[in-house]
Amino acid sequence: MKTDEPQTQPQKTIRRRSCKWLRRIGIVALLAASALTVDYLAYPYGNLNNGRSGNIGENGLWLRYTWYFGEKSKADLTKLPQQLKDRQIRYAWFHVRYIRKDGSLRFHYPENARLIVDQIHRQAPDIKVMAWVYAGNKAGLGDVDLSNTDVRKKMVQEAKWLVTECGFDGVQWDYEICPDAGQSLLALLRETRLALPPGKLIGAATPIWVPAPFGRWGWSDEYFRKVAGTCDQIAVMGYDSGFWLPRSYVWLIREQVSHATQAAAKANPKCRVLIGVPTYGPAGLSHNIRAENLGLALKGIREAMTNKHANLATFAGVAIFADYTTDNDEWRQYSALWLRK
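In this text, residue positions in the sequence shown follow my numbering: the first is 17, and each later residue adds one.
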């Protein structure tokens, strides 16, 4: 039978040193975790006013399909234009729902659309009333194949119908989930441009910018440039990012301003850039409301206004998602942090 041999002095020394290093690592890890927890719970330590407001009265708002479906009262429609003016909304994107597999728009309500457009144009002629059109592929919520030329042709026909028969000032294509460097979206935007009458706007609701190694979760600078080169406005959907730390989300939003505005300036200086901000509750793992909320999104945008890397010549404003999830407290916060200089 083999018996244990007594440890030598060098072995005991090595063991003591190893234990000390493990204790030190444990203490450092504990301190780091504690600091991270405090930062998560307390950030931004009561201060949302860093930077400055970049408001120039060109903000956007996504509005629910119930307007297009005629489910709002006459009183609601009468009040809407003044509400949009008071909130300095320049671009009102009305959801007309979704594109089917063959490229056709599922719902057609021209009478309701004309009522909306006429009411807003009459009371607030500076507001651009646009159709927000969702087209989902198999990675999103649908089966629209933009690589199919017949599908794109039908979608372009529907876009033309929305501006000529319904009176919308333009269309916003919301194609999800659009991969970085996707050529089919670029084709759709170019073909829409050729089909729409002069003066009608073409917009794109886009994923967020992400650093190059993480391209599968967003778009690169190069692709933002290509998209900006084909349309009049870009609305970056700055939510559902999966960023759970409040500080990291503020950084992310700040970077959206810098990268999207630079991309637009290089490709198409006339393209207007808006940054989408969230006003909705819990929505799965991709949206932590402790991090992704209106106040922190506006903080990130305000900080970007003093960032030398942003090109503010192409920056239009913020885009609120959405009219039906924004409560009175959030409207007051928007007014305090954004509308007031």
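For every residue, glycine included, the Cβ atom is placed at its ideal position computed from N, Cα and C. Quick caveat: nothing in here was measured; it's all calculated off a predicted structure.
query, result
"The beta strand (DSSP E) enclosing glycine 292, as first and last residue numbers", "288-294"
"Validate contact between the segment 243-254 and the segment 296-304 using beta carbons, cut 8 Å, 3 pairs", "no"
"Cut-off 6 Å between Cβ atoms - residues of its own chain near glycine 183, not counting five sequence neighbours on either side", "Arg130, Val133"
"Candidates Ala352, Val273, Ser264: closest to asparagine 327 by CA position", "Val273"
"Coil, strand or helix - tryptophan 37 by DSSP", "helix"
"Distance CB(arginine 263)-CB(tyrosine 59) smaller than 7 Å", "yes"
"Euclidean distance between Cα positions of valine 145 and tryptophan 233", "30 Å"
"Those residues which DSSP pairs with isoleucine 336 across a bridge", "Leu77, Val293"
"Proximity below 7 Å, CB of glutamine 104 to CB of asparagine 75", "yes"
"CA nearest to the CA of asparagine 247, picked from Val289, Ala307, Lys315", "Residue identity check: residue 247 is cysteine in the sequence provided, not asparagine. Closest by alpha carbon: Val289."
"Residues bridged to valine 187 (per DSSP)", "Ala147, Ile218"
"Secondary structure of isoleucine 250, DSSP reduced to three states", "strand"
"Any non-hydrogen atom of the ligand NAD closer than 6 Å to proline 262 Cβ", "Although the ligand NAD was asked about, the structure shown includes no ligands whatsoever."
"Tyrosine 239 beta carbon less than 7 Å from that of aspartate 190", "no"
"Sequence-distant residues of the same chain with beta carbon closer than 6 Å to valine 226, five excluded per side", "Trp233, Gly234"
"Pairwise C-alpha distance: glycine 186 and alanine 198", "The sequence shown places glycine at residue 198, rather than the alanine named in the question. One C-alpha to the other measures close to 23 Å."
"Identity of the residue in Arg306, Gly245, Leu77, His275 nearest glycine 258 by Cα", "Arg306"
"Own chain residues within Cβ distance below 7 Å of lysine 260, not counting five before or after", "First, the residue type needs correcting, since residue 260 is tryptophan and not lysine in the sequence shown. The answer, listed in chain order, is Asn304, Ala307."
"CB-CB length for valine 179 against proline 213, believed under 8 Å", "7 Å"
"Nearest residue (CA-CA) to valine 112, options Glu87, Gln99, Arg168, Gln135", "Glu87"
"Unbroken stretches of the beta strand (DSSP E), 3 residues or longer, contained in the segment 122-183", "144-152"
"Exposed unless 16 or more other CB atoms sit within 10 angstroms - verdict on methionine 171", "buried"
"Three-way DSSP call (helix, strand, coil) for isoleucine 317 in this model", "helix"
"As assigned by DSSP and simplified to three states, the class of isoleucine 269", "helix"
"Nearest-angstrom Cα separation, counted from isoleucine 224 out to asparagine 344", "27 Å"
"Histidine 275 versus arginine 39: straight-line alpha-carbon distance, rounded", "43 Å"
"Arginine 68 versus tyrosine 350: straight-line alpha-carbon distance, rounded", "13 Å"
"For alanine 228 and glutamine 188, the rounded distance between their alpha carbons", "26 Å"
"Residue burial classification, lysine 315 (beta-carbon count within 10 angstroms, cutoff 16)", "buried"
"Within 7 Å, strictly: CB atoms of alanine 91 and leucine 100", "no"
"Beta bridge counterpart(s) of isoleucine 193 as assigned by DSSP", "Beta-bridge pairing links isoleucine 193 to no other residue."
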